[in-house]
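Heads up: the sequence shown runs through residues -12 to 492, numbered per the working numbering. No residue lacks a Cβ here, since even glycine has one placed at the ideal position from N, Cα and C. Beneath this line is the structure, given in structure tokens, with notes to follow.
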Amino acid sequence: MKKLAILVMGVLAMTSVNAQDISDILRYSQDEVQGTARFRALSGAFGALGGDMSAVSINPAGSAVFNESHASISLSSLNLDNDISFFNGRSATSDSRFDVNQAGAAFVFANRDDSSSWRKFVLSIAYDKTANHDDQWFANGRNNNSIDSYFLAYAQGLRLDEIEALPGESLGQAYAEIGSFFGFANQQAFLGYESFILEPDEFTDGNTLYTSNIAPGTFDQAYSYVATGLNGKFSFNLAAQYEDKLYVGLNLNGHFINYERFTAFDEFNNNVGSLVTDVRFDNSLFTTGNGFSFQLGAILKVTKELRAGLSYQSPTWFTIFEETTQSIGTFVEDSVNGDFSVVINPNIVNVFPEYRLRTPGKITGSLAYVFDRGLFSFDYTRRDYTNMELRPTSDPFFASQNQTMSNIFKAANTYRLGGEYKYKQFSFRGGYRFEESPYQDDNFYGDLTGYSVGLGYNFGTTRIDLTYDAAERTVNNQLFSVGLTDAATVDTTNSNITLTVGFSL
């Protein structure tokens, strides 16, 4: 019991928060075109239209366009296709699943006071899935850079007695206590040293210089990435119609993050002079978070046909919790004592202290032209990703990450176009969207392009909508944040079929 208590205290007392990297921060700060089938069919260009539960997630004034109480629920078939290249290796993966990505209801209250200019008030509650994190891909190829560079990057400058197991101490105990007293970097150096990848210049406690037992040359490498999870939002909406031309609204949003990732890295070499020829390095990350944001919006009927919309979404203030696990295995060729394998699986969950994240706000301007048989709509959104911030800013690591983010990110623009044509009870729809990369170097993280087509049928009090949408983006995914920073290029096509049932209440 005493042994267990020491391990738990060691994990809970960790002070070096290095589990996350900048790609994770961006992941939690982005949103996607999710929601109802009609909303997706117009590629999300709904800021000046309203009258749809997902339109309220863009412009809170959109619920005031409803003439009667309304509810909807949406089910999507998610399909993800990845084409991966890593040096001389090529591979492809595909994954499909079903999900409920939207549900909500708007309650319309007409103003019975004929002398008032306020025509009606609307209260809405809604759930929207704002981002999907389900993904998997596999990369393999021949590289000139080894995993030893990852462990050397952490180890250099650290004392040997701060990265090794003490006499009589198990590897699990050592891993936990090193994390407790010295932090994440020392844990990584510990894994490299105890797996025989790292060799100290001197076997003395004060040694701070290390070399590698993996000789230079070529390395056959394989990397597996599996992730699940989502960002979601629960919204409470209040909106109103003023006379016959102006709609205004407010959203109060509660956000949540649920993200889990597992990566497995394998390396083999037969380079002359290598003592370590095989390496298997596994990492897992589990992240949860909750946050708050608000939105303000207005829609103005400029003329009978022309509408203009403007909305502001505040930053989201998140509190985030993270846990990690790690293991490593190596094969050592020892001509003196004989070949042997090393497996370090501490069975320790690193529970990091909570931290805070402020995501960037955004502003959306919209125009729509509505005529008897249909409509055209356009949305423009601007979001400055240099405003992402980790807190507390007094933390040296957070301060460093914040400075890095301000240097590598930029303000990104999004353009969305949508159209709808009605024939009797049928509605035919289509849309296009273009999202700029949030990175200054868009060769690292590319722009996104997408299109959508949809069909709807109105039964009167009930409406059924069906939409197909697809989007493409190319991302260079670094295998590790330090040392072995070579990237696998992943060309992703995300396609969805969404069915929505909407009905009057």
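Of the residues 381, 316, 404, the one whose Cα lies closest to the Cα of residue 177 is 316. Assigned with DSSP and collapsed to three states, residue 178 falls in helix. In the three-state scheme derived from DSSP, where H, G and I count as helix and E and B as strand, residue 472 is classed as coil. Shown here, residue 11 sits in a helix according to DSSP, grouped into three states.
Taken in chain order, the complete alpha helix (DSSP H) segments of 4 or more residues contained in the region 97 to 143 are 135 to 142. The residues 427, in chain order, have a CB closer than 6 Å to that of residue 397 in the same chain once the five nearest residues on each side in sequence are set aside. Between the alpha carbons of residue 360 and residue 409 lies a distance of about 5 Å.
Straight across, the Cα-Cα distance linking residue 239 with residue 185 is about 52 Å. Looking only at 419, 432, 447, the smallest Cα-Cα distance to residue 441 is reached by 419.
For residue 339, the secondary structure class from DSSP, reduced to helix, strand or coil, is coil. Scanning its chain for C-beta atoms nearer than 6 Å, with the 5 sequence neighbours on each side dropped, one finds around residue 303 the residues 242, 278, 280, 346, in chain order.
With a beta-carbon spacing of about 6 Å, residue 318 and residue 264 fall inside the 8 Å limit used to define contacts. Residue 424 sits away from residue 230, with the two beta carbons spaced by 9 Å or more. If you draw a 10 Å sphere on the C-beta of residue 266, you find 16 or more other C-beta atoms in it, and that means buried.
Residue burial is scored here from C-beta neighbours: residue 67 has at least 16 other C-beta atoms within 10 angstroms and is therefore classed as buried. Looking at the DSSP output, residue 213 bridges to 123, 249. Nearest Cα to residue 261 within the set 311, 183, 25: 183.
Note on the region 362 to 429: whole beta strand (DSSP E) runs with a minimum of 3 residues are 376 to 378, 398 to 410, 413 to 422, in chain order.
A residue is called buried when at least 16 other Cβ atoms come within 10 angstroms of its Cβ; residue 180 meets this threshold and is buried. When DSSP reads this structure, residue 69 sits in a beta bridge with 80, 479. When Cβ pairs closer than 8 Å are counted between the two stretches, the region 464 to 474 is seen not to touch the region 22 to 41, the count staying below three.
Across the set 403, 236, 422, 306, the C-alpha of 236 shows the shortest separation from the C-alpha of residue 46. For the pair residue 355 and residue 296, the CB atoms are nearer than the 9 Å cut-off. If you check the CB distance, residue 487 and residue 449 do not come in under 9 Å. Within 10 angstroms of the beta-carbon of residue 144 lie fewer than 16 other beta-carbons, which makes it exposed.
Residue 460 is positioned such that its CB atom lies no closer than 9 Å to that of residue 357.
By DSSP's assignment, residue 313 forms a beta bridge with 270.
When C-alpha distances from residue 73 are compared across 151, 473, 215, 352, the shortest belongs to 473.
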